[in-house]
Structure formats: structure tokens, C-alpha cells
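Asks:
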Amino acid sequence: MSVVAIPFRPYRSAGRPREARPPIADAVGRPAAPTLTITVDLAPGPVSPRVTRLLDLLGELAETGEGRLRPAAADRAPAVAEPAPPPAQPVDPRAVCILAGTRVVRQGGRAVRLTRIEYDLLLFLAQRPHRVFTRLQLLTGVWGYEHAVARTVDVHVRRLRAKLGADLPVVTTVYGVGYRLADDALVEIDQTR
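Below, the structure written as C-alpha cells:
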């Protein structure tokens, strides 16, 4: 892609001049002309009409002399080749991966659509495997309050089980106590994505 540098022009509103600011100095101490640098990084694939209009406008500014267009590669260090990713492992269709950064849950190769509470409940239990929680503890830890009916937890656990598949035991009921993450649940939390 390319970088466009546009010289700064003070903005005047309602006849009032803008406050004078001290000039910015470059590395040697000489006054430098302030600029606005715009970097556009595009994802692979087709370019949307909005991005095309933006690129056309930036090109026009550069052509009229109001800006300078230069390749972005000039501003960056040479790219270091990244190592090839390891060969993809076959994905277990029962495995559940919680992408904590994006709040996405994947089971096998598909994304599972969960509500906010279902996601928070699954993450809460996955972060504390083997520990049994009462309904009241789950209301406090996941919902953040104790003022709901304890059976609310039962409804959300049932919905979570249905979305992840009845054949995959993710949440185990400990009769007379509450719930916990199943021992044989294949749940992984990915904090990086």
C-alpha cells in the first residue's frame, strides 16, 4: 500500500484565528513542517467501494501537490520471513476452543453462537476445572449478583449443553450441589485470540 503525507493547515472557525503553537522540531533541531501521515493497510481480497473512494481521494491530494504519495515499504524495515505454520492437526469434532480475546467459541471447525451469559458461564467453568459450584456461587461469579432465581442457572446450563451437543458432556451436574466442568470435556482457552 502507500503512505500519503499532507501538510498541516490551521483550521479557522468563525473568524477566530487558531492559537499559535510552537513549531515541531526534527531530529536535528530544525523546525519541521507538521504533516498528517495516513497509512492504509488492506486485507487480502477484493477492495470495497468505500476504500476505493478513499484511495482515489488520497491520490488526488497527492496529484494536486497538497500531499506526497510514497510507498509504505520505504518507511518500514524489510520484512522478516515468518516460519511456516506447523501442519494442521486434525480437529476433534468434540473439542471446544474458547477464544478469550474475541469472545468466540469454536467446536471442531465451526463457530458456536452463544449468548453473553452462556459464554461467561462456559469460560468461568473452564477456568476452574474440577471445582464444583453451587447455583448461588455461579450467580455471583457469572451474573455478578445473587438476586436472581437459582433455577436461572439450570436454564442456561441446559441451553449451553444443547448448543454444544448432547453427546459432548461439557458441564456435569453434581446432584444436590451444583455444576462443574466435565472431567472428559475437551475445552481449551486461547488467550491470544
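Per the working numbering, the sequence shown starts with residue 178, numbered consecutively. Where a beta carbon is used, it is the ideal one built from N, C-alpha and C, also for glycine.
1. State the DSSP-derived secondary structure class of residue 291, mapped to helix, strand or coil.
2. Using 8 Å as the threshold, is the C-beta distance between residue 303 and residue 284 below it?
3. By a C-beta neighbour count over all protein chains shown, 10 Å radius and 16 as the cutoff for buried, is residue 362 buried or exposed?
4. Of all the options 330, 215, 269, 226, which has the alpha carbon lying nearest to the alpha carbon of residue 299?
5. Does DSSP classify residue 304 as helix, strand or coil?
6. DSSP state of residue 326, grouped into three classes?
7. Please report the straight-line C-alpha distance between residue 326 and residue 223, rounded to a whole angstrom.
8. Do you know how far the Cα of residue 314 is from the Cα of residue 308?
9. Roughly how many whole angstroms lie between the Cα atoms of residue 339 and residue 233?
10. Relative to the C-alpha of residue 316, which candidate in 236, 226, 355, 215 has its C-alpha closest?
11. How would you label residue 333, buried or exposed, when you count the other beta carbons within 10 angstroms and need 16 or more for buried?
12. Around the Cβ of residue 228, are there at least 16 other Cβ atoms within 10 angstroms (buried) or fewer (exposed)?
13. Within the same chain, show all residues whose beta-carbon is closer than 6 Å to that of residue 289, passing over the 5 residues directly before and after it, in chain order.
14. Measuring only the C-alpha atoms, how far is residue 236 from residue 226?
15. For residue 276, does the three-state DSSP call read helix, strand or coil?
16. Out of 369, 353, 269, which has the shortest C-alpha to C-alpha gap to residue 312?
17. What is the DSSP secondary structure of residue 284, reduced to helix, strand or coil?
Replies: Concretely, from the data shown:
1. Taking the first residue of the sequence shown as position 1, residue 291 is located at position 114. Coil, per DSSP.
2. In the sequence shown, the residue the question calls residue 303 occupies position 126. In the sequence shown, the residue the question calls residue 284 occupies position 107. The answer is no: Cβ separation not under 8 Å.
3. Reading the sequence shown from its first residue, position 185 is the one you call residue 362. Result: buried.
4. Taking the first residue of the sequence shown as position 1, residue 299 is located at position 122. For the residues 330, 215, 269, 226, the minimum Cα distance to residue 299 belongs to 330.
5. The sequence position of residue 304 within the sequence shown is 127, counting from 1. Three-state DSSP puts residue 304 in a helix.
6. Taking the first residue of the sequence shown as 1, we reach residue 326 at position 149. If DSSP states are grouped into helix, strand and coil, residue 326 belongs with coil.
7. As a first step, residue 326 must be located in the sequence shown, where it is residue number 149. As a first step, residue 223 must be located in the sequence shown, where it is residue number 46. In a straight line, the C-alpha of residue 326 is about 50 Å away from that of residue 223.
8. Your numbering for residue 308 matches position 131 in the sequence shown. Your numbering for residue 314 matches position 137 in the sequence shown. Taking the straight line joining both Cα atoms gives about 11 Å.
9. Counted from its first residue, the sequence shown places residue 339 at position 162. Counted from its first residue, the sequence shown places residue 233 at position 56. The straight-line gap from Cα to Cα measures roughly 50 Å.
10. Here residue 316 refers to the residue found at position 139 of the sequence shown. The candidate whose alpha carbon is nearest that of residue 316 is 355.
11. Here residue 333 is taken as the residue at index 156 of the sequence shown, counted from 1. Counting Cβ neighbours within 10 Å, residue 333 comes out buried, since at least 16 surround it.
12. Start at 1 with the first residue of the sequence shown, and residue 228 comes out as number 51. It counts as exposed.
13. Within the sequence shown, the letter at position 112 stands for residue 289. These residues qualify, in order along the chain: 282, 340.
14. Taking the sequence shown and counting its residues from 1, one reaches residue 236 at position 59. Taking the sequence shown and counting its residues from 1, one reaches residue 226 at position 49. Going from the Cα of residue 236 to the Cα of residue 226 covers about 15 Å.
15. Position 99 of the sequence shown, counted from the start, is the residue given in the question as residue 276. DSSP places residue 276 in strand when its eight states are reduced to three.
16. By 1-based counting over the sequence shown, the position of residue 312 is 135. For the residues 369, 353, 269, the minimum Cα distance to residue 312 belongs to 353.
17. Translated into the one-based positions of the sequence shown, residue 284 becomes position 107. Here residue 284 sits in strand by DSSP.
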